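Chains as they are written, first to last, in this note's numbering: chain A, 763 to 1642; chain B, 6 to 120.
Even for Gly, the Cβ is constructed at its ideal location relative to N, Cα and C.
Please read these numbers as outputs of a predicted model, since none were measured by experiment.
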Amino acid sequence: MKSLKRFLSRLGHFVTRRRDDERLREEIEEHIALQTAENLRAGLSPVEARRQAMLKFGGVETMKQDYRAQRGLPLIENPLGDFRNAARTISRMPALAAVIIVSLAIGIGVNTTIFSWIQMILFQPMPAVNSAANFLLVEPRSETSGYPGASWLEYRDLQAQIPSLRDLVASQMVPFNVGAPGQTERTHGQLVSGNYFSALGLKPALGRFIRPEEAERPGTEPVIVISYDYWQTRFRGAPDAVGQKLRVNDRDLIVIGVAPREFQGTLVPLKFELWVPATMTPALLGGARDLEDRSSRGFSLIGMLGPSATRQEAQAELTIAMAQLARDYPDASAGIGGEILSFWEAPRGPQRSLISGLAILQGVMLLLLLAVCGNTANLMLARGSTRQREMAVRVALGAGRWRIVSLVLSENMLLALLGAGLGAAFAVWGTTALRIAPMIGAFPILFPTKVDAFTLAFAMLLGAACGLIFSTPPALHLVRLDPQDALRSGPNTPPRSRARKVLMGIEVGLASVVLIAAALFLQSFRSASQADPRFRPEGVLLAAYDLSGRNPTEGSDREFAARLLERLRSLPDVEAAAIATNVPVDLHGIPRRPFTVQGHVRTEPGQDRAISNTVTPGYFKVMAIPLLEGNDFAEMRDKAAPPQAIVNEEFVRRYLNGADPIGRRLQTRTQSFAIIGVARNSAYDALGEPAQPAIYFSYRDRPQDQGEIHLRTRTGNEAALTSEARAVLRDLDPMLPLYDVRTFSQHIERNLYLRRIPARMFAVLGPLLLGLAAVGIYAVVSYAVARRTREIGVRLAFGATSSRVVLQIIRENLGAITWGTAIGWLLALVISLHAFPNGPLSLSVFLGVPAILLAVATLACWLPARRASRIDPMAALRHE
Amino acid sequence: MRQKTDVLQGTLALMVLKTLDVLGPLHGYGIARRIEQISGDLLAVNQGTLYPVLLKLEQEGAIASEWGTSENNRRARFYRLTRAGSRQLQAETKDWEQTAAIIGRFFEAKAKDLS
Chain A
763 MKSLKRFLSR LGHFVTRRRD DERLREEIEE HIALQTAENL RAGLSPVEAR
813 RQAMLKFGGV ETMKQDYRAQ RGLPLIENPL GDFRNAARTI SRMPALAAVI
863 IVSLAIGIGV NTTIFSWIQM ILFQPMPAVN SAANFLLVEP RSETSGYPGA
913 SWLEYRDLQA QIPSLRDLVA SQMVPFNVGA PGQTERTHGQ LVSGNYFSAL
963 GLKPALGRFI RPEEAERPGT EPVIVISYDY WQTRFRGAPD AVGQKLRVND
1013 RDLIVIGVAP REFQGTLVPL KFELWVPATM TPALLGGARD LEDRSSRGFS
1063 LIGMLGPSAT RQEAQAELTI AMAQLARDYP DASAGIGGEI LSFWEAPRGP
1113 QRSLISGLAI LQGVMLLLLL AVCGNTANLM LARGSTRQRE MAVRVALGAG
1163 RWRIVSLVLS ENMLLALLGA GLGAAFAVWG TTALRIAPMI GAFPILFPTK
1213 VDAFTLAFAM LLGAACGLIF STPPALHLVR LDPQDALRSG PNTPPRSRAR
1263 KVLMGIEVGL ASVVLIAAAL FLQSFRSASQ ADPRFRPEGV LLAAYDLSGR
1313 NPTEGSDREF AARLLERLRS LPDVEAAAIA TNVPVDLHGI PRRPFTVQGH
1363 VRTEPGQDRA ISNTVTPGYF KVMAIPLLEG NDFAEMRDKA APPQAIVNEE
1413 FVRRYLNGAD PIGRRLQTRT QSFAIIGVAR NSAYDALGEP AQPAIYFSYR
1463 DRPQDQGEIH LRTRTGNEAA LTSEARAVLR DLDPMLPLYD VRTFSQHIER
1513 NLYLRRIPAR MFAVLGPLLL GLAAVGIYAV VSYAVARRTR EIGVRLAFGA
1563 TSSRVVLQII RENLGAITWG TAIGWLLALV ISLHAFPNGP LSLSVFLGVP
1613 AILLAVATLA CWLPARRASR IDPMAALRHE
Chain B
6 MRQKTDVLQG TLALMVLKTL DVLGPLHGYG IARRIEQISG DLLAVNQGTL
56 YPVLLKLEQE GAIASEWGTS ENNRRARFYR LTRAGSRQLQ AETKDWEQTA
106 AIIGRFFEAK AKDLS
């Protein structure tokens, strides 16, 4: 309490400094006047009386010092002075300061950008939802096949059985065809439970939201909520948008409200535009049985913990509820438990793929920042040695060690914070650029990241940490300084350069770790994108159609596909055409289906699962996947042939031990198939993946209302087929849009997008780091050389050739650099062996990167060395 | 070195409080005189050291100050004891007496008393 009072009073004095000085002066004068009067009364002469009074009072200046120290806030006042001083010092070295600030800004900017993404996932997984971080995922988990999602009925059951979670919310992403016949547009939306908006605590920007009773009985309420962006672009923000009709999957829905501006759904970074009650599913998706079928697990569940509930309680309730469901509905729920997870633990979907990548990226970028710090420390050290004399004078005048340290610290902190400020600006620019340019892919992706106070604090913290790190070496150096020594010797004595060389080594070592990591990453990205997919994507055009809006039956689906294929095949430029339900190398993967096959008995519990794709005859021709045995599927209109399946090599190897598969029976949950052929292995989930077992089913046996058209061109220009394909589809059905038209190469390209962001970052930052390392080495060597001008002059005068001098300088510095590179190289080797224990070691990276690094380092040494060796010996000796 | 000053400051503070307690409001010079009269040469050389102590006490709220007029009709700063100050004085007086008593006993103790 007392100390608080004193602090406040001191703070007050800190503000009213000048007036207080005045008061003290008056008090002293008064004191001395009184004492003088006393002395006069005692009989002293006026002059002597005043002199005695002054003597008795003691040292006025010392006392004033004490008084001020007592009064003000030296802890603040001194640093303030230091910062003023630092600003002056920095403004006197603009070039060096610019290099330091910009390099720090790049390091901090990149780290802040990545952090803002991580932060988004951790704390703001749903933009515009205030308490988003309190929501938990409720994920059913199958013993055998990961996280399959929840069914609608399961959701209704769980809603009642997990009291710890307030407002369990269900949503399912669906693509809709929106618009009038002939001009429909594919738009992504979510089918949601009735409590979706109220549980998220959202307020409509216009109109109202879906009411709970509107998602009770199937098909009763044809209402829709649109996103703010959709309202702005499609309705031009008109206030009368509410109440208007929107034609979705050939049904009229009434717009009842507009979601808040930044809300983009519950599956960030995916961006949704439409929200429809889940009970509209059968009406909109052509009689889909999602609402009754417990094995149709399309919904994602989230819920917020109730006021006094814990995550453990919720988990316990979920476990009990899932066990009960497994007993009640063994067909659909056997072997399926449940987990309560945080958003950042998301086990599937776009969030999962994002998180794992970001963590690695942040680690590498922090290393990069550390290398930048090493570089800066070196530059400051080099500069600091030219200031030895200044510091010595300060010490001689009575500055304490801590004052010197705080002087150095404040200079470096100022630099670091300037760098952090600029870095934050970079981060603002980076996140804005990412927000403005949404990624167009199979799904609309938008990173709703912003640089907020928290991110800014992170940037500043990074800056302060950097400042501390690169202040330490110069501060230590100056503290150990003996003022007498420093004052006696001129600025030209060779400095003790061990610390600088060690730092140079560390920096080069860090640089080599980051560069090798970057090169490995780029290489794996390149090899992944260049890996042989074992099918031929060149010359193939992809386009999707969706009949789900028009209550199709199996027969109509099959007939539509058959007619579509006939028309497409009759086009002159089409060499082959096929339809499939899935396209390989998709970000979202290809579904795996449980099966049993004649001749294979599973010993472990659970079910065998294989990648499954349903394709029309001609698929293998379009994809250029050779059939190694057997034949292609029967024609679409063939009614005689039994249900057929084609498996791949890996399937035969893994489940049939290489025995002849032709003619064996393959059983899925609903149907039995005869294996009629074996296809060569190809890539399914990602390029360059290990072989996976796969089953192809025939479109004839399992007609679907959605399909991806695959067209192989005769001319080599697959994109030219687009308009013809559109015309064919319009002829068949004017209401049906052909969407997501892309060449197969574009499809692959797009799905590599998420991996390409870090690849690009590395491609830019790698050379940058190399450049920074070069600048660092250059600066250190040129400072060192400049201080040895006299020595070099003497050598030259005694007949050393300039090339000898150059060689010697390079040799002296290259030692530390080589050590650093070697240690960094070893570190990178260990990391890479640890991370990819079985992967082949990339010789080109592990030899190439050090070679380039050493070459650049040598160049950075050579430039200042050569300049030094060109001086006129006479001038050098006269110097100083 | 510093510790000695601290001890001096502490003692001085106590003396200031006692002086103000006994004599009522006084200006800096008056306090210095009074302490000088009683303590001899403690303040004989460095009367100035009193002022930082006064400031510290004022910051702590033990004393308050205001402008007034001195004997020779000049503006002077008068210090007086606050209620918190007199409480502090009582407490510290007690402390001091206890400490003094203990130290005193220690100094009087002979070797045989301690063995």
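Counting only the Cα atoms, W1581 (chain A) lies some 10 Å from N1575 (chain A). Judged by DSSP secondary structure, Y992 (chain A) falls within the alpha helix (DSSP H) whose first and last residues are 990–996.
Take M816 (chain A), set aside five residues on each side of it, and the residues of its chain with a beta-carbon closer than 7 Å to its own are I794, in chain order.
The C-beta of V1020 (chain A) has 16 or more other C-beta atoms within 10 Å across all chains shown, which makes the residue buried.
In this structure the stretch 1282–1298 of chain A touches the stretch 1369–1388 of chain A; the number of beta carbon pairs closer than 8 Å is three or more. Secondary structure at Q1026 (chain A): coil, using DSSP grouped into helix, strand and coil. Not a single CB atom of chain B sits nearer than 7 Å to the CB of K1212 (chain A).
Between A1396 (chain A) and A1407 (chain A), the beta carbon gap of about 12 Å keeps them out of contact (Cβ cut-off 8 Å). Listed along chain B, the residues sitting closer than 9 Å to L786 (chain A) by beta-carbon distance are Y56, L60.
The beta carbons of N892 (chain A) and G963 (chain A) sit closer together than 7 Å.
Scanning the stretch 1290–1353 of chain A from its first residue to its last, the whole beta strand (DSSP E) runs of 3-plus residues come out as 1302–1308, 1336–1342. When DSSP states are grouped into helix, strand and coil, I1579 (chain A) belongs to the helix group.
Legend: CB atoms of the stretch 800–819 of chain A lying less than 7 Å from CB atoms of chain B belong to residues K818, F819. Taking a Cβ-Cβ threshold of 8 Å, none of the residues of chain B is close to Y1545 (chain A); the smallest such distance is about 40 Å.
Within the same chain, D26 come within 7 Å of S91 (chain B) by CB-CB distance, once the 5 residues on both sides are set aside.
Annotated three-state conformation of Q1006 (chain A) is coil, per DSSP. At a cut-off of 7 Å between C-beta atoms, E789 (chain A) counts as an interface residue with respect to chain B. Using a Cβ-Cβ cut-off of 7 Å, N51 (chain B) is close to G820 of chain A, given in chain order.
Residues of chain B with a Cβ closer than 7 Å to the Cβ of D828 (chain A) are, in chain order, P57. In the same chain as W72 (chain B), and ignoring 5 residues on each side of it, the C-beta atoms closer than 7 Å to its own belong to R80, R82, in chain order.
Bridge partners of V1038 (chain A) according to DSSP: A:L953. For Y34 (chain B), the nearest CB of chain A lies under 7 Å from its own CB, placing it at the interface with that chain.
Taking all protein chains in view, the Cβ of M1636 (chain A) is surrounded by fewer than 16 other Cβ atoms within 10 Å, so the residue is classified as exposed. Interface annotation for the stretch 74–104 of chain B against chain A: S75, E76, N77, R79, R80, A81, R82, criterion Cβ-Cβ distance under 8 Å. Nearest Cα to L1103 (chain A) within the set A:A932, A:P902, A:G1160, A:C1228: A:P902. Around the beta carbon of M855 (chain A), fewer than 16 other beta carbons sit within 10 angstroms, so the residue counts as exposed. Counting C-beta atoms within 10 angstroms of its own C-beta, T1041 (chain A) has 16 or more neighbours from the protein chains shown and is therefore classed as buried. Interface annotation, H793 (chain A): in contact with chain B, CB-CB separation under 7 Å. According to the DSSP assignment, V1384 (chain A) belongs to the alpha helix (DSSP H) that extends over 1381–1385. Below 8 Å, enough C-beta pairs join the stretch 1462–1480 of chain A and the stretch 1321–1340 of chain A to call them touching: three or more. By alpha-carbon distance to R1329 (chain A), the top candidate from A:V1490, A:V1157, A:A1227 is A:V1490. Looking at the DSSP output, R85 (chain B) bridges to B:A69. Within chain B, Y34 have C-beta atoms less than 7 Å from the C-beta of Q797 (chain A), given in sequence order.
The stretch 1262–1282 of chain A makes contact with the stretch 1128–1136 of chain A: 3 or more CB pairs, one atom from each, lie closer than 8 Å. Per DSSP, Q934 (chain A) is one residue of the beta strand (DSSP E) stretching across 927–940.
Per DSSP, the continuous alpha helix (DSSP H) segment holding I862 (chain A) begins and ends at 856–885.
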